[in-house]
Each structure stands twice: as C-alpha cells, then as structure tokens.
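Notes for the one structure printed next.
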Amino acid sequence: MTHKDKKESILPRPCNGPLYADWDVIDYVMKIKEEVKEVVEAFRLYNLNRDNDSYLHLGRELVDTITACISTLEKLGFKADDRERMYQEVNDSNAKRDGGKRFR
Ligand SMILES: [Mg+2]
Numbered sequence: 027m028t029h030k031d032k033k034e035s036i037l038p039r040p041c042n043g044p045l046y047a048d049w050d051v052i053d054y055v056m057k058i059k060e061e062v063k064e065v066v067e068a069f070r071l072y073n074l075n076r077d078n079d080s081y082l083h084l085g086r087e088l089v090d091t092i093t094a095c096i097s098t099l100e101k102l103g104f105k106a107d108d109r110e111r112m113y114q115e116v117n118d119s120n121a122k123r124d125g126g127k128r129f130r
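Structure representation (structure tokens):
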C-alpha cells in the first residue's frame with residue numbers, strides 16, 4: 027500500500043472558534059436539541075416529497091447533529107484522541123450486543 031492508496035478520513039470539526047467563546051456546555055447541549063429538531067423536520071419533508079433535495083437536506087441535518095455532538099464532547103474536554111477511543115469502545119460494545127447482529 028502506498029500513500030496514494032490510503033483514503034484519508036474526513037471527520038467533523040468541532041465548532042470551537044471565537045464565535046463560541048462565551049458558550050457554556052448548556053449552550054452546546056441546546057444546539058444538539060436544535061439540530062435534532064431540524065433532523066425531525068427534514069425527515070418529515072423527505073417522507074412527504076421523496077425527492078433528491080429533501081434527501082440531501084436530511085443528510086445535511088444529520089451531519090449538523092453529529093457536528094453539534096462532537097462540539098459538545100470537545101467543550102466537555104474530550105479531545106480528538108479521547109473521542110476516537112470512545113468511538114472504538116462503543117463500536118466494540120455494539121459488536122458484542124444482541125448476538126452480534128448490530129453490524130453487517
Ligand atoms: Mg442544521
């Protein structure tokens with residue numbers, strides 16, 4: 027395998043810039059709530075329209091939610107290495123649960 031063969035992952039970046047300097051953890055948690063509401067609305071529209079625009083919009087809102095969660099984890103002090111370790115722990119845990127039927 028060469029460096030050209032290795033596909034680099036693109037991970038969500040936590041929103042931690044100056045715009046959020048005065049945000050506390052509760053502000054980040056409320057942002058998750060806001061984004062989840064947007065997911066629910068995007069799903070309602072997708073379910074109604076079943077078109078490509080609403081499909082892409084639903085995907086975007088889901089990624090917004092992931093980003094809000096990553097941002098909250100970082101605000102709580104979980105750095106990138108901590109988060110990767112936690113992803114692995116959750117993946118490992120899910121792999122064992124329900125007779126291993128959570129993953130294909
Ligand atoms: Mg959104």
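Counting in the working numbering, the sequence shown runs from 27 upward without gaps.
All residues carry an ideal CB built from backbone N, CA and C; glycine is no exception.
Measure the alpha-carbon distance for residue i versus residue j and round it to whole angstroms.
i: D79; j: K57; result: 24 Å
i: E110; j: Y46; result: 23 Å
i: C41; j: M112; result: 19 Å
i: K122; j: Q114; result: 13 Å
i: N73; j: K63; result: 15 Å
i: D50; j: D107; result: 22 Å
i: K33; j: D77; result: 30 Å
For residue i, I'd like the list of residues in its chain whose CB is within less than 8 Å of its CB, leaving aside the five on either flank, ordered along the chain.
i: P38; result: V89, I92, T93, I96
i: Y81; result: Y72
Among the residues of its own chain, which have a CB less than 6 Å from the CB of residue i, if the five just before and after it don't count?
i: F104; result: none
i: R128; result: N120
i: A68; result: H83, L84, E87
i: P44; result: none
i: I52; result: none
Kindly give me the distance between the Cβ atoms of residue i and residue j, rounded to whole angstroms, as I take these residues to be in contact under 8 Å.
i: H83; j: L71; result: 7 Å
i: E87; j: E61; result: 7 Å
i: V65; j: T98; result: Going by Cβ atoms, the distance from V65 to T98 rounds to 16 Å, so no, they are not a contact pair.
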